[in-house]
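Here the structure comes first, spelled out in structure tokens, and everything after it is commentary.
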Amino acid sequence: MNVRKLVSIAILLTAAAALVFSGGAAEQVEVEVDPPGGREFDWRQYEGTTLVFNFPNHVHYNAMLEAGVLEDFEALTGINVEADRMQYMNMHDAQVLEMSKPVGDYDLISMVVMWKAEYALGGMIRPLESFFDDPSLTLPDYRFDDLVPAYVEVTGIAGGENIYKDGPGAQLYGVPFGSETSFMIYRTDVFEEHGLEVPETYDELTETARYIYEEVPDTYGLTMRAASGHHATHAWLLHASPYGATVFDENWEPAFTSPESIETIEFMKKMIDYGPPGMEGFTQDEEFAAFLQGDAAIYLDASVFAGPAKDPAQSRVHDRIGFALHPRQRTPLAETGGFGIAIPENSQNAEAAFLLMQYLTLPEVEREIVLAGGAPFRMSTVEDSSLYDEYPEFEVLADQLEHANPDWRPIIPEWGDINNMLGIAINQALTGAKTPEQAMEDVYEPIRNVMIRAGYID
Amino acid sequence: MTFQTRRRISMSVKYVMIILWSALVLFPIYEMVSTSLKLPVDAFKLPPDWIFWPTLVNYREVLFESNFLRFFTNSVLVAVISTTVSVGFGAFAAYSLARWNFGGKKTAIAGILLLRMIPEVILAVPVFTMFNRIGFIDSGRTGLILVYIALNLPFNIWVLRTFIMELPYELEESAIIDGCTDVRVFTSIVLPLIGPGLAVASIFTFRIAWNEFILSLVLTNRFTRTLPVAVSLFLTDTGTEWGKITAIATVIALPAFIFTFAAAKSIIMGLTAGAVKG
Amino acid sequence: MRKSSVPGRKNSAYLFLAPAASILLLVLMVPIFNTLRLSFFEWTMRALTEPPTFVGFRNFRELFGSANFQESIRVTITFSLSVVAIELLLGTVLALLLEGEFKGMRLFRTLFVLPIMIAPVVVGIMWRFMYHPSYGKINYFLGFIGLGPYGWLSNPDLALRSVIIADIWQWTPFVFLLVLAGLQGVPKDVMEAATVDGTNYFQTLLYIKLPFISAVLGITAVLRLIDSFRSLVVIYNMTGGGPGVSTEIMSIHLFKTAFTSQRLGLASAVAVILLLLIAVFASVFIRNSLKEERR
Chain A
86 MNVRKLVSIA ILLTAAAALV FSGGAAEQVE VEVDPPGGRE FDWRQYEGTT LVFNFPNHVH
146 YNAMLEAGVL EDFEALTGIN VEADRMQYMN MHDAQVLEMS KPVGDYDLIS MVVMWKAEYA
206 LGGMIRPLES FFDDPSLTLP DYRFDDLVPA YVEVTGIAGG ENIYKDGPGA QLYGVPFGSE
266 TSFMIYRTDV FEEHGLEVPE TYDELTETAR YIYEEVPDTY GLTMRAASGH HATHAWLLHA
326 SPYGATVFDE NWEPAFTSPE SIETIEFMKK MIDYGPPGME GFTQDEEFAA FLQGDAAIYL
386 DASVFAGPAK DPAQSRVHDR IGFALHPRQR TPLAETGGFG IAIPENSQNA EAAFLLMQYL
446 TLPEVEREIV LAGGAPFRMS TVEDSSLYDE YPEFEVLADQ LEHANPDWRP IIPEWGDINN
506 MLGIAINQAL TGAKTPEQAM EDVYEPIRNV MIRAGYID
Chain B
13 MTFQTRRRIS MSVKYVMIIL WSALVLFPIY EMVSTSLKLP VDAFKLPPDW IFWPTLVNYR
73 EVLFESNFLR FFTNSVLVAV ISTTVSVGFG AFAAYSLARW NFGGKKTAIA GILLLRMIPE
133 VILAVPVFTM FNRIGFIDSG RTGLILVYIA LNLPFNIWVL RTFIMELPYE LEESAIIDGC
193 TDVRVFTSIV LPLIGPGLAV ASIFTFRIAW NEFILSLVLT NRFTRTLPVA VSLFLTDTGT
253 EWGKITAIAT VIALPAFIFT FAAAKSIIMG LTAGAVKG
Chain C
416 MRKSSVPGRK NSAYLFLAPA ASILLLVLMV PIFNTLRLSF FEWTMRALTE PPTFVGFRNF
476 RELFGSANFQ ESIRVTITFS LSVVAIELLL GTVLALLLEG EFKGMRLFRT LFVLPIMIAP
536 VVVGIMWRFM YHPSYGKINY FLGFIGLGPY GWLSNPDLAL RSVIIADIWQ WTPFVFLLVL
596 AGLQGVPKDV MEAATVDGTN YFQTLLYIKL PFISAVLGIT AVLRLIDSFR SLVVIYNMTG
656 GGPGVSTEIM SIHLFKTAFT SQRLGLASAV AVILLLLIAV FASVFIRNSL KEERR
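Right, here's the structure in full:
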């Protein structure tokens, strides 16, 4: 049975159901709906194509599946979408394998922002300008400017002189989808019961975490990811930004042995002491689980977690949480990151993939995904105060986005290697295998060598 | 203490030990299977429900929600084809090495023994680049099947050769005198007599081809992916997914259960082949 | 082998050997040769269409100067020696204690085959679940005697041990079955003579059984050692080599160098070293097998 047949049957069934449940009220059966993205657009120009979409098992993408927008897209365009969903830590290797073949399997990929420069400079993904310039492909009502600017820069812009930042020669390679900044989620019951103030600085945060660890039975302070490699690096970067530490200085010389950097690690070590047991090995899933199960009272990391935290099916604390800005220390800067979607160079269906890319990021579709628990990436959603009752996190998010830092992490093509080396060292410091100074000192030369080999410094 | 009581005590000690050890061996397997039969909300419950009403909800979700059937079919196809070919070619080669003397025979035997020790991961880079060049990776499962045939040939040749060498040569001799061709002698006289050997070879080849992970990870795409890779790509620690993960894992382990209980003797024979003179 | 060839029987040896030989050549030997060659080149996954650049011994120099590679050698040796020693000891002791026919023995022997047959991916998943810091049954049971909770796979001091335990779980039965098979070969009359002479259990063990199975033990040790160098999947799915590089045995180091860092030449250099290591131990096994051949 082909898809169109299925779809028409589905529509018939829905219509029938609507008739039954609405007691036969005819006006309930709406047939003529404006297709999203503008009425004149030719949605069916790639009818019959099959697209393969590689995306992670991740909150936002799970909301996308939940919202059923892929099926809607199939019905609208006659394009068949094959989902290839995997664990996001496995996606990089799978995508590289696929994109180094002569003919690739993937038509649309979701990439963690830290891969974008590697992919863009390696010629593995396509610049989007020519697509957006083509009126036959671009939706009249797309409203590109409504996409959160910091997200667009961090997920999409690459390839210029500044490699991963905007600047001369930089092009658009992707659009945000599952992008995030960071903010804090805390347990209102714990804070109220013990008369705690919501921490606004890292010093206050340290004090609050200690208090909760020492005074609140069966409850720990901050939940944090810290597992060796990517997770440890991510956590360090997240806190390094407010502490004013960076990976490199302006001349690409390693700067992570700075006092600010060591201070960041010392802070993280305290959080491990006040955190749930085994936290030095937490991946993101375990970081989440500790908050969802009610073990940890504070969460400070990616904003996408608001969805699961509020979901009664996943969260034991869904009715007892509050949102607050990422605490500041020397700077108020929060992370930007998460996922963007891009089109592989070796895709055979790039134009149809571009349609899907636009469809998924349309204002109406974004709304549907957000309502299913996804992460907003359009200003119109974040700033829509009519949503604040049900989505109090958007109010915080709107403020937080003013301090969202697209340059909190140096996403050069060599980042994968550096990310891994740094993450091993940071984890060694967190577990006490080495002192923070020693751990960072020990990766100084290896990372410097990577930068020499890649030609940034001599 | 009489001899009788001493014997009885030593027997009880034996049983206690063996039951304890069996429990240790079985517990992780029990954990996997039972988690796959629990509702996601109950999977993490501590203390656990030791007695619970099993549900197939995880299996249903895995079967209908994902590309499970495709990956399952791939696994079956790859395992069955590579087993058939590898055991077949292996038997031919084993016959050659058992019944003739020829130049380079010793080198061949040593080479086969050495190739048996090759780690799969070493092949990942060269085989990926080679197949990428010839286009095997796009053309589907051919590449993976070829690799599994090759990986299992050394063991199959080795095991089948011991079986053939134990056959009395007189049967073949008289057939040759009657004018049978060598191929005929092999297929109609030798093959039927080494049935147990073929069973051992088949079980072990199927085991590798069905279970193999690292080469399948590198050589397959989403069309040709096999079950072990599919489940690994899906592996997260998120609570709700564990039910599905353990359900797929149980399906992957199913042939192992079947072989073990249906043919434990053949498996033990295969495991000890080459180490213990039977 | 009986040397008998029927007089006049033509030598079809090569014909029978040809299909297997050509596949082995194409799919195993050519790639291994390419690995040797590639270890002297720099090549990245990002530019597969461009030819590799010859760099001489640079990859090997880089490897031996790399702290992570040195660590992976150390981890490999610790892992391999630990699992082989413990499995050999446990397997032998259990086989000695449980030898002989008794009721239910066949069923138990069947059960012990199970771990060996189960896919490494599944073994990795099972143990990862068992070791889960908050929901794993191991911490749960230890909680009854007031221990833990431990971060089995997250604590770098524990992770390697946890991985070793999983390997012991899977492979001790293998040693057990091999030793048991070896023990069955102890001639009955020798044992009977010993009993008549009034030798006690430990004397028969020391002077009859152990010497008799020593050859089996040696071969088992070599086989397990080689297998432990080859193992990757269980660890890969349990820890991915982490935390840090604390469980990153050489095979995982190889895979990550190739497909995460995308340095195919450097990865080939790791492969060459791993191959050499295996060849050393394999030659022991092969010499032994060829000796059997001559008999």
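Read top to bottom, the protein sequences are chains A, B and C. Per our numbering, the very first residue in the first sequence carries number 86; after that it's consecutive. Per our numbering, the very first residue in the second sequence carries number 13; after that it's consecutive. Per our numbering, the very first residue in the third sequence carries number 416; after that it's consecutive. C-beta: ideal position from N, C-alpha, C; glycine also.
Residue nearest to Lys186/A within the set Gly123/B, Val99/B, Thr141/B is Thr141/B (criterion: CA-CA distance). Taking a Cβ-Cβ threshold of 7 Å, the residues of chain B close to Glu183/A are Asn233, in chain order.
Beta-bridge partners assigned by DSSP to Gln256/A: Ala243/A. For Glu178/B, no chain C residue has a Cβ inside 9 Å of its Cβ, as the nearest lies near 11 Å away. In chain order, Leu245, Phe246 make up the part of chain B whose C-beta sits under 7 Å from the C-beta of Met171/A. In the structure shown, Asn449/C falls within a helical segment according to DSSP collapsed to helix, strand and coil. Among the CB atoms of chain C, one or more fall inside 8 Å of the CB of Asn223/B. Straight-line spacing of the CA atoms in Leu161/A and Arg129/A works out to 7 Å. When DSSP reads this structure, Phe268/A sits in a beta bridge with Asp386/A. A check of alpha carbon separations from Asn570/C across Pro548/C, Gly558/C, Tyr555/C, Leu632/C identifies Pro548/C as the nearest. At a cut-off of 3 residues, the continuous stretches assigned as beta strand (DSSP E) that sit fully inside the segment 333-387 of chain A are 381-387. Under the three-state reduction of DSSP output, Ile210/A falls in the strand class. The alpha-carbon separation between Ala55/B and Trp65/B amounts to approximately 12 Å. Rounded to the nearest angstrom, the gap between the Cα atoms of Ile383/A and Gly360/A is 10 Å. When CB distances to chain B are screened at a threshold of 7 Å, the residues of the segment 130-147 of chain A falling below it are Val137, Asn142, in chain order.
Going by DSSP, Arg310/A is part of no beta strand (DSSP E) at all; its letter is neither H nor E. As for any alpha helix (DSSP H) of minimum length 4 sitting wholly inside the segment 456-519 of chain C, the runs are 473-480, 482-513, ordered along the chain. Those residues of the segment 511-523 of chain A placed with their C-beta closer than 7 Å to a C-beta in chain C are Asn512, Gln513, Thr516, Ala518, ordered along the chain. Counting along the chain, the unbroken alpha helix (DSSP H) around Ala187/B starts and ends at 182-189.
With fewer than 16 other Cβ atoms from the protein chains shown falling within 10 Å of its own Cβ, Glu246/A counts as exposed. The Cβ atoms of Pro530/C and Phe104/B do not sit closer than 8 Å to each other. DSSP places Ile146/B outside any beta strand (DSSP E); the residue lies instead in the alpha helix (DSSP H), whose first and last residues are 132-146. Going by DSSP, Thr96/B is part of no beta strand (DSSP E) but of the alpha helix (DSSP H) stretching over 80-111. CA-to-CA, the gap between Ile63/B and Lys50/B works out to about 11 Å.
Cβ proximity to chain A below 9 Å picks out Thr459, Met460, Arg461, Ala462, Leu463, Thr464 from the segment 450-469 of chain C.
One alpha carbon belongs to Ile693/C, the other to Phe448/C, and they sit about 16 Å apart. Cβ contact annotation for Val536/C (same chain, cutoff 7 Å, sequence separation greater than five): Val648, Asn652, in chain order. Met269/A is positioned such that its CB atom lies closer than 8 Å to that of His411/A. With three or more CB-CB distances shorter than 8 Å, the segment 307-320 of chain A counts as touching the segment 360-371 of chain A.
Within chain C, the residues whose beta carbon sits less than 9 Å from that of Asn144/B are Leu463, listed in sequence order. Per DSSP, Arg170/A lies in no alpha helix (DSSP H) segment; the continuous beta strand (DSSP E) that holds it begins and ends at 165-171. Residue pairing by DSSP places Arg228/A in no beta bridge whatsoever. Its chain contains Ala510, Gln513, Ala514 as the residues whose beta carbon lies nearer than 6 Å to that of Ala524/A, once the 5 sequence neighbours on both sides are disregarded; these appear in chain order. When DSSP reads this structure, Asn139/A sits in a beta bridge with Asp169/A, Ile194/A. In the three-state DSSP reduction, Arg645/C falls in the helix class (H, G or I). Met177/B places its beta carbon 8 Å or farther from that of Ala122/B.
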